[in-house]
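Trainee: Numbering (my numbering), first residue to last: 153 to 410. Where a beta carbon is used, it is the ideal one built from N, C-alpha and C, also for glycine.
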């Protein structure tokens with residue numbers, strides 16, 4: 153049993169989490185801390201991120217810091233990684249999770265709206281992964297990355313119209329696979345999770361009739377909870393997934409198989 157626990161432990165690791173101030177990022181950060189890791193949160197909502205980090209540090213008796221970062225700005229990302237390294241002493245793993253959604257028909261979507269979603273959801277994931285990969289390689293360190301994609305990367309959601317979101321998440325899946333191959337010989341594993349409908353601050357404002365339809369179309373007849381993604385992320389970051397890279401782990405209550 154001790155050997156099994158060790159396989160899934162992140163004790164002694166420092167894990168960087170983007171979009172960790174709330175929602176999925178916050179819930180996963182709490183569980184990552186519970187299995188022994190120290191936490192770094194990158195989020196544009198600096199005050200909320202700091203409050204989350206403070207609560208995690210208190211509840212789990214670990215070190216947790218927050219840095220205000222716009223993931224769409226590569227220079228800012230690179231500087232924040234150096235700051236995190238200086239404060240924590242090292243970085244080992246990345247949960248690359250920041251994301252947004254805009255739901256609009258394509259004919260009504262402005263260029264700025266399209267670019268906003270692509271910049272955060274795809275470019276942001278790329279910039280953070282790139283900077284983190286450079287950080288590890290400069291130190292000859294192995295590491296693990298988990299990107300947050302979505303089932304929307306492989307299906308088209310209904311009834312909401314969100315072409316920009318779907319496109320960005322499909323890009324995250326392919327980026328994950330590309331990085332997994334490119335960095336395999338460096339000892340850097342790269343995987344992604346593809347959540348289905350998860351009830352968060354982001355989805356709580358969605359029309360109730362849409363939420364009801366999503367539940368009806370999902371075999372388990374409910375939306376997921378943010379904490380139900382934590383086990384998958386911990387597995388992919390931990391030594392138990394030492395032979396897993398380029399994997400897209402779909403966690404959707406069965407939505408995509410019916």
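Look up residue 341 in the DSSP assignment and give the residues it is bridged to.
Mentor: 296
Trainee: If we count the other Cβ atoms within 10 Å of its Cβ and call it buried at 16 or more, is residue 364 buried or exposed?
Mentor: exposed
Trainee: Let me know if residue 195 comes out buried or exposed under the rule of 16 or more other beta-carbons within 10 Å of its beta-carbon.
Mentor: buried
Trainee: May I ask you to list the residues that DSSP assigns as paired with residue 346?
Mentor: 402
Trainee: Under 9 Å, do residue 402 and residue 376 count as touching if we go by C-beta distance?
Mentor: no
Trainee: What are the boundary residues of the alpha helix (DSSP H) that residue 318 is part of?
Mentor: 315-335
Trainee: Check whether the segment 175-190 and the segment 242-257 touch, using three or more Cβ-Cβ pairs below 8 Å as the test.
Mentor: yes
Trainee: Return the chain-ordered ranges of every beta strand (DSSP E) run that is complete within the segment 188-254 and spans a minimum of 3 residues.
Mentor: 190-195, 216-220 and 245-248
Trainee: Would you kindly work out how many angstroms separate the C-alpha atoms of residue 348 and residue 163, rounded to a whole number?
Mentor: 29 Å
Trainee: Are there 16 or more other CB atoms within 10 angstroms of the CB of residue 224, so buried, or fewer, so exposed?
Mentor: buried
Trainee: Comparing C-alpha positions only, which one of 226, 184 and 237 sits nearest to residue 274?
Mentor: 226
Trainee: Which residues in the same chain as residue 165 place their Cβ atom closer than 8 Å to its Cβ, once the five residues preceding and following it in sequence are excluded?
Mentor: 188, 189, 190, 244, 245 and 389
Trainee: Is there contact here, the segment 279-298 with the segment 230-240, by at least three beta-carbon pairs under 8 Å?
Mentor: yes
Trainee: Considering Cα atoms alone, identify which of 239, 317 and 335 is closest to residue 293.
Mentor: Closest by alpha carbon: 335.
Trainee: Return helix, strand or coil for residue 104, following the three-state DSSP convention.
Mentor: What is shown of the chain runs 153 to 410, which leaves residue 104 out entirely.
Trainee: Can you confirm whether the segment 301-308 touches the segment 194-208 when touching is taken to mean that 3 or more C-beta pairs between the two stretches lie within less than 8 Å?
Mentor: No contact exists between the segment 194-208 and the segment 301-308.
Trainee: If you draw a straight line from the alpha carbon of residue 156 to that of residue 267, how long is it in whole angstroms?
Mentor: Answer to the nearest angstrom: the Cα atoms are 44 Å apart.
Trainee: Taking only the alpha-carbon atoms, compute the straight-line gap between residue 272 and residue 154 and give it to the nearest angstrom.
Mentor: 40 Å
Trainee: Residues in its own chain within less than 8 Å of residue 314 by CB, not counting five upstream and five downstream?
Mentor: 253, 254, 255, 256 and 304
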